[in-house]
Structures are given as structure tokens and as C-alpha cells.
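Working notes, structure below.
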Amino acid sequence: MNLFYRTLYYFQKRGFEVCRRIAERLGIRARVVRTSFIYLTFVTLGFGFALYLFLAFWLKIKDLLYTKRTSVFDL
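Here the sequence shown is numbered in our numbering, starting from 1068 and rising by one per residue.
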């Protein structure tokens, strides 16, 4: 059972980050973004899930390219 909770925690921490970041960018609650992805997935038969995966990949690449450096000596 411990493995189940660790797996659940991993997906909650990593998976909801995409919705949280989109919500911060738009200035709305993350719950609204999550429910809209769920409804979009049911209505379009999977397009919402594909869009979610694309945005997760795009945010990961963006984080890798744009890292914040605190000093010139961090190069």
C-alpha cells in the first residue's frame, strides 16, 4: 500500500504542476483549469489529454532553456 501512495503523490506533485502554472499565467484558480481539461478530454475524446501532455512537455523544455541565474559567475 505504501507503493501506491508514493506513486499517487508523485503523479499529484508532477502532474498538477502544469495546471498550476497555466492558472498562474492566466490569473485563475488551478481547479478551474483542471476541470476544464477533464471536460475537454471527455467532450473531444482525448484531445484534452493530448493537449495536456503537449503543454507539460513544452513547460519542461522552457524550464530547461530559461534558467534563472543569480550572478554572472554562475555561468
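In this text, a Cβ means the ideal position worked out from N, Cα and C, and glycines have one as well. The structure displayed is predicted, hence computed values, not measured ones.
Within 8 Å, strictly: CB atoms of residue i and residue j
| i | j | result |
| --- | --- | --- |
| R1088 | L1126 | yes |
| L1107 | G1115 | yes |
| A1117 | V1085 | no |
First through last residue of the alpha helix (DSSP H) which encompasses residue i
| i | result |
| --- | --- |
| L1112 | It is not in any alpha helix (DSSP H) - L1112 carries neither H nor E in the DSSP assignment. |
| G1082 | 1069 to 1093 |
C-beta neighbour in chain D for residue i, strict 8 Å
| i | result |
| --- | --- |
| G1115 | Among the protein chains of the structure shown there is no chain D, as only one such chain exists. |
Cα-Cα separation, residue i to residue j
| i | j | result |
| --- | --- | --- |
| L1132 | E1091 | 20 Å |
| Y1077 | R1098 | 18 Å |
| T1102 | F1083 | 12 Å |
| L1120 | L1075 | 18 Å |
Three-state secondary structure assigned by DSSP to residue i
| i | result |
| --- | --- |
| L1133 | Per the sequence shown, the amino acid found at residue 1133 is Tyr instead of Leu. Looking at Y1133 - three-state DSSP - the assignment turns out to be coil, as it is neither helix nor strand. |
| R1096 | coil |
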